[in-house]
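Down below is the structure, laid out as structure tokens.
Residue numbers (our numbering), protein chains in the order written: chain R, 392 to 859; chain B, 392 to 859; chain A, 392 to 859; chain U, 392 to 859.
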């Protein structure tokens, strides 16, 4: 028990879990080349040796033991900020483990319906924390025909559902899409994907089970190929975690792992709570990414002697604006946290949602600005392998020179980073997740409709219009 | 000395000032119908009688006397927030009087060059505060041919300049454009419009003089006609303050009123300082205006039974987003104030500029969204006078009915407010000032280039790219 | 019979029509000051004396008589182009008279249901043409509560409806909104505002009646005040035509004036046909307006010596782009006309709708660009009356000078035109009508959904995706 | 002589050319796996066997021989349209061979300076046409420090230049970037990258030489890896042509291959002429791509039962609008061609540039709309190999089902095509080339400034403003 080492983490994944990738069933992912890169990324999060890193990644739990920061229940502003720092220094596998905050946020609402469910949440949380586990957020159903509700589909399994209840637990069948890092986690925390109607009670189901539970299979997909040059794709090398298409083929969930089994009123609540913590993480990443974009634009300009060019300054100002709005929305959300009866705090809901929507609705435009100012080398720059070839490399050094003090390798690093982040497979993944993480632009607008204080605006409008 | 009454304010403007409007020289503006509406607006700011209003508008100065809130030198966050409240409850004539904050912010820089100038600033400030005066911000030169600098113009007076220095003071000649409320203020606080080169020393001039100083003339211009129905144009009725084209025809400025006379290094500094306080005020107004827009959209929807319509909710969400970003930028700027050696504080420069730029670059798009959802009645609704006509009014009541509980007058008020704010002469004034207050989109981008911490972004980019 | 003179036109409006404006019932609009400006504009369209103008405004009808160009049934491309020229040289009162094209387009569909209706259309058209009449497009119902359909409203009259059918004709009750030039036309051509369901048959009603028919009242509304300086508001002076709120208070429509009385299938068809001709006219105006904007931007730049400034050229390029897309969409629509069995042609539906949607969705952005580059004088420039004042005028001449060869009057004309078109009451009217003429952005998207050849795109996508 | 077969084409590339890729010198690209995919694509253009394809790809030259359509000098509108069809049915290697049109367009201007150059152009064109060659467009110099001109760089070779002139020809040194298909062409048609000053005469150089000329080396770069599943990446499989970084290491260009050697006035002209033909091709591809996007959106909607969803229809309408504007700009450009004295025609310059700018400035926004409506499966869909696996494939078939009649393979094809075109390495290449082909948004604006008839707009503005 306690913090794991990278080696212990790797070993812990040899647990019989069933995964597929590129048409192959992989029985031991720890030795399979397809998982090599992703495993290295996820394992690196368990490197607690370095003192600075340890401080960012470890906190002392209320029982005095050391635990991974992602498990820290925030009760003061500093906890939220350290959570942000943790996000910037850890992989997405560690980040999604924040799913427990969503469960804990709704603990009281759950307890009101069934105290056993609430107790399960706490027990599962402590188990995961004390064993330094990783947990996937398992939400989105396949949904089939969007015109029909869950129980009206050609196949009732197109939304995950309870097919049996017995004395040991519930038996569930269905699948979930877009599950980040599923194969690299220990636990699958399953929540319903949306609000449900009374006749859909069998679809109101939430639980957490180990990834190697019988009946669970994961089909993996990644933007990244198995191998990459780190020099050519520096961001891919740090972010290439696969998504999982997770199947539940009549899986038995023991009663002590169940958080919801038919109570439709709670289902939307759990999902919404998860959304807040997910979007807070997303906004943290977004603000950081926007700063990287701004710095990359500045470096391109400096390396080409264009840092005083009016049009370039104008483009950089647009990137600065984007980065500033995101950063301030995030800072404000943390500084203006709300406190629950339990003492747990959470960031300002409106600020988080508005920040996330700003990101989603402007991201493609910002990519356009960055690509417009960076030029064609973003996509036509040869590989570092060519740079290492004696003849080709000599030509590249001669012709990619711009001015004294600018190393050709550094120019290449900048263009490669821009390509990797905006114009290659990882860049494409970022474009889509900028929009889809948390549910598309329409979902973002609905969150605003909910979180905004319309009464205040109505009153201001009535006063302006002279309506009493 | 001390706070004025509305009557004293009106009386104080009978001081021989020279103003023109619509082709007429107006010798006593307090009795002239063209000024009636503007005068009433500016005088209403002097209404300190009501207790609630008094609290917003009055503070106790360090010498114990009561003074108008605009004169309060902020030394803690609450002062900034009260300043924001003051802006929302006062006319633009009171708002521009905040020009003294810009002077006081640069007091130490001014003192380093000439202690007398600094003493002049303090004396002028105290004089204005103790007499409850209003002061105009007098900045923009006519500029003539933009390709040429000040001293290269066909007419050297196209930028305001010193034409003589004598033992009594300096004599200035030139003009200034876009001076809000010039005719309704007591003081003209004149600052240079931009950075200057050594050969332009005569153009580096700052001072404050009474509006009735010999040689000063003001030609007025307003978006508003002399008379308006308050019902049909509720916002015009509260905001119809003219701009002045202010001419300085060999005006003697006594030495004790001079803040700058040839010191080119200071000129850009003063202007930039003013910019911050001006933009803070602008952002305050912008955030409030965006909330009114959001509320108006909500009211239109409710009055027509469209408040659950998906497309309408989507439009309202965009307005909410706009309002939220502006409000949070402003809140953040106040909460993250900076302190000067003097103890005076000022809001976060980056947040203010990013907030203002967000407003300027999105305002027209937001107007589009509001007008798109509000429909054609915004421009085709008949006047309240028609509503008051027995026959025409009866038709209007019958056919503008939507549903129980919605008064036709209230529908009209909502459409009138939208028209007044977005599709009429005041709306046009708002469109242009959204862009031009503080200098156009390019000026906004330059401010971002200056205020943004590019080193932080460079470092993030270098780390991402693997550049050591 | 035949073409009218301006005087005959004015005289023809003394026909007992009932109009209201600003709370007053006006029994003879030809002598009332409120109508002076609008009447002058509408009467000027009847000036056929000048040879060049005559060519644009007059064509020879099939019976050899001369008639106003708006009545020409296009049968070849040149007719469409001349129609465009006519639009650019005539007021909106003449333009809306194009409503007859919509009726004639659907003549055959109408004949299939009731030959008498079709005969009525032809007779009314010939009567109007032969008497050089003007006809208003009377479409939009008040609509009440938007959640409910016509027959479900609190008041069944909230959509215009047939309340009685007798041997002389039908009796209609209701009102119509946004009727451009209603008071200045001779005929009201009334069409249903949208598609109807079987239970709404009484709302399926179309007809044409003289404005002075008993029971008709018009309440006027204009963006323009009664009086304007042409120098200060040059576009208002040419476009200040009021909209009418038209009431039908149990109006008898004789059978020979009825085009539709209960046939719900035809109702949407007539409305859609009108939409095409309305949008063609709108696109003609839009393309012309965009060219004026581009030229105004160029003049501002030249007058201030900024015509080589990179940022200014960039702004002008955006205006050029807007103008070019609109112009080419219009040209393409005419060159690729379609022919009906009758030989009548009409412009390409997709091109017209896409052109109009391009205008509507980009107009506010384009106004932003123009205002951003034009600067603050757009709103703060004093009036021409001040220029005419000896002292104030001398100051204005001195300080509005930019360089040799640029007359101050011409600078003022340019700023005044920009203000008038984008930042004053006419500018506001243009902002709203850019969106709302033809029904808002959502209506524009629905038209695209309808007009676009989705099968072609589906096939291209299937081929790309390898779907057989 | 005459048309080649695919086999002859492949054989023709075994000519001793020097190419590098991924750090390896490849002496025979026809047998090297890295070139396998690209070679197959380029060779497929030589498949003239099928009758339908033959018609699109072959024309009869003036001497009666058959030649590839790309060599057809257009003299009537139909030639332009067939050129468009050719673009849609051929790879980019065939498309760039259109570079000869740019040379022929400027033949007379070249002849005026040096008749020998003009004769060289004709001879080179005929040689290429008669041997069915492919030619690369070789334009962009590395440019080094952008603040300095060509002759001021640290290394004078940072722009391609003449280092020697002798009786056999000129010797050139330098490099060119972004050369599409360089390794797969026979000829390198080299043109200067921008306008030059008198002191830069050695940089004014244009010529055509075989790819295997001694001293020429090409370093390749592609968005595509060596191997792809066609099912998973259908567009990559048809478009994976590498760009070349082409080095000229003291290459002798014989005099009969020289088109320009020091004549700076011509240099910008040649480049601009190339730009027109390049952008015409780009617009052709753009219009086609926009139609594919529209169709893909429609298919996504249909397959998920969302084809009547209002928000989805609204998104599809935006795609339709984009596709329509591009298609109409292209159609108009062809229908409104201009004729040169030689009888050669070219498409309307303004329409082509405005069409291309519309594409470049809206492409990222359109990708956003498509990705927003398509959802997360775009990036998380497992590979076809998983579908082929017995267990994984069964799960995929069960859970990717939506409704009767929709094959899971077809859903996958649609998502794969969207991912491939917008969210993967080819998608990134499209994002960047949408902007950069032809030189970035600023270059696009400059082209508009040049091509637009500003006099017409100035006149319209002056008339509107009342300026005589």
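Ideal placement from N, C-alpha and C gives every residue a C-beta, glycine not left out.
Beta-carbon neighbours of residue i, restricted to chain B and to distances below 8 Å
i, result
"residue 776 of chain R", "Those within 8 Å of residue 776 of chain R in chain B number zero; the least Cβ separation is about 16 Å."
"residue 853 of chain R", "686 and 690"
"residue 715 of chain R", "741, 742, 745, 839 and 843"
"residue 477 of chain A", "The premise fails here: residue 477 of chain A is roughly 25 Å from chain B at the closest Cβ pair, so nothing lies under 8 Å."
Residue i in three-state terms, based on DSSP
i, result
"residue 477 of chain A", "helix"
"residue 603 of chain U", "coil"
"residue 577 of chain B", "coil"
"residue 707 of chain U", "helix"
"residue 424 of chain R", "helix"
"residue 784 of chain U", "helix"
"residue 467 of chain U", "coil"
"residue 630 of chain B", "helix"
"residue 611 of chain A", "strand"
"residue 567 of chain U", "strand"
Cross-chain neighbours of residue i in chain A, by beta carbon under 9 Å
i, result
"residue 806 of chain B", "Residues of chain A passing the Cβ test: none, with the nearest at roughly 11 Å."
Rounded straight-line distance, which links the Cα of residue j to that of residue i
i, j, result
"residue 691 of chain B", "residue 784 of chain B", "21 Å"
"residue 701 of chain B", "residue 802 of chain A", "47 Å"
"residue 828 of chain B", "residue 670 of chain B", "8 Å"
"residue 403 of chain B", "residue 623 of chain B", "32 Å"
"residue 627 of chain U", "residue 463 of chain A", "54 Å"
"residue 439 of chain R", "residue 826 of chain U", "44 Å"
Would the segment 532-543 of chain U count as touching the segment 692-703 of chain R if we require 3 or more Cβ pairs under 8 Å? The count of Cβ pairs closer than 8 Å, one atom from the segment 532-543 of chain U and one from the segment 692-703 of chain R, reaches three, so the stretches are in contact.
Quick test of the definition: if touching needs 3 or more C-beta pairs under 8 Å, does the segment 593-605 of chain B touch the segment 839-848 of chain R? Taking 8 Å as the limit for Cβ pairs, the verdict is that the segment 839-848 of chain R does not touch the segment 593-605 of chain B.
Any chance the segment 463-478 of chain B sits against the segment 632-649 of chain B, with 3 or more Cβ pairs inside 8 Å? They do not touch, by the three-pair rule.
Below 8 Å, can you find three or more Cβ-Cβ pairs linking the segment 809-820 of chain A to the segment 666-677 of chain U? They do not touch, by the three-pair rule.
Are at least three pairs of beta-carbons, each pair with one atom in the segment 742-760 of chain B and one in the segment 509-516 of chain A, less than 8 Å apart? Segment contact: the segment 742-760 of chain B against the segment 509-516 of chain A, fewer than three CB-CB distances shorter than 8 Å; contact not assigned.
Scan the segment 719-736 of chain A for residues whose Cβ lies nearer than 7 Å to a Cβ of chain U and list them as they occur along the chain. Cβ proximity to chain U below 7 Å picks out 719, 720, 722, 723 and 726 from the segment 719-736 of chain A.
Using a Cβ-Cβ cut-off of less than 8 Å, list which residues of the segment 612-630 of chain A approach chain U; keep chain order. Cβ contacts with chain U come from 621, 622, 625 and 626.
Does the segment 510-528 of chain R come within contact of the segment 482-500 of chain R, defined as at least 3 CB pairs closer than 8 Å? The segment 510-528 of chain R is in contact with the segment 482-500 of chain R.
Take every Cβ of the segment 577-591 of chain B, pair it with every Cβ of the segment 650-666 of chain B, and state whether three or more of those distances are shorter than 8 Å. In this structure the segment 577-591 of chain B touches the segment 650-666 of chain B; the number of beta carbon pairs closer than 8 Å is three or more.
Just by C-beta distance, which residues in the segment 502-519 of chain U are closer than 8 Å to chain R? Cβ contacts with chain R: none found.
Taking 8 Å as the threshold, find out whether the segment 682-689 of chain U comes into contact with the segment 700-720 of chain U through three or more Cβ pairs. With three or more CB-CB distances shorter than 8 Å, the segment 682-689 of chain U counts as touching the segment 700-720 of chain U.
Stretch pair the segment 814-826 of chain R + the segment 816-831 of chain U: three plus CB contacts closer than 8 Å: Between the segment 814-826 of chain R and the segment 816-831 of chain U, the count of Cβ pairs shorter than 8 Å is three or higher; the stretches touch.
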